[in-house]
Amino acid sequence: MQGMFNDHTEAAIADDLKISPHTVHTYSERLYRKLGVTGRVRLALRVMEEYIVLTSEPETSLPPLCANFAAGRCPIRSN
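In our numbering, the protein residues as written are -10 to 68.
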C-alpha cells in the first residue's frame, strides 16, 4: 500500500520489497477485489475511510489521520 500511495510502479514496488512484479500485481488485484474497488485512487480512498473509522474508536492505538483531530479542527470528524 505504501508504494501505491507514493505512486510507485509495480516494478518499483517489487524492487523495494525484493519480490517479483507479478506478485505485486497479484496482490494488488486481490486487494481491489476484496475491498470492492477499481484502481489505485479508489483503493487509497477506501483505505483512508477505513483508517478514519479505526482511529475514531475510543481505545485505538493508531494515530489520527489529521494532526488537529484532538482540537476538533479536522475537515472530517467522526460521529
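C-beta atoms are modelled at their ideal positions from N, C-alpha and C, and glycine is treated no differently.
Residues near residue i in its chain [Cβ-Cβ closer than 6 Å; skip 5 each side]
i, result
"I73", "Here the chain covers residues -10 to 68 and nothing more, so residue 73 does not appear."
"V26", "L32 and R35"
First and last residue of the uninterrupted alpha helix (DSSP H) at residue i
i, result
"T12", "P10 to L24"
"D4", "E(-1) to L6"
"M37", "R29 to T44"
"M(-7)", "Q(-9) to F(-6)"
Test: residue i CB closer than 8 Å to a CB of chain D
i, result
"E46", "In the displayed structure, chain D is absent; only one protein chain is listed."
Proximal residues to residue i (C-beta, below 8 Å), its chain only, five neighbours per side dropped
i, result
"S9", "A3"
Residues of its chain near residue i, where Cβ-Cβ distance is below 7 Å and the 5 sequence neighbours each way are ignored
i, result
"L43", "T49 and L51"
"R29", "M(-7)"
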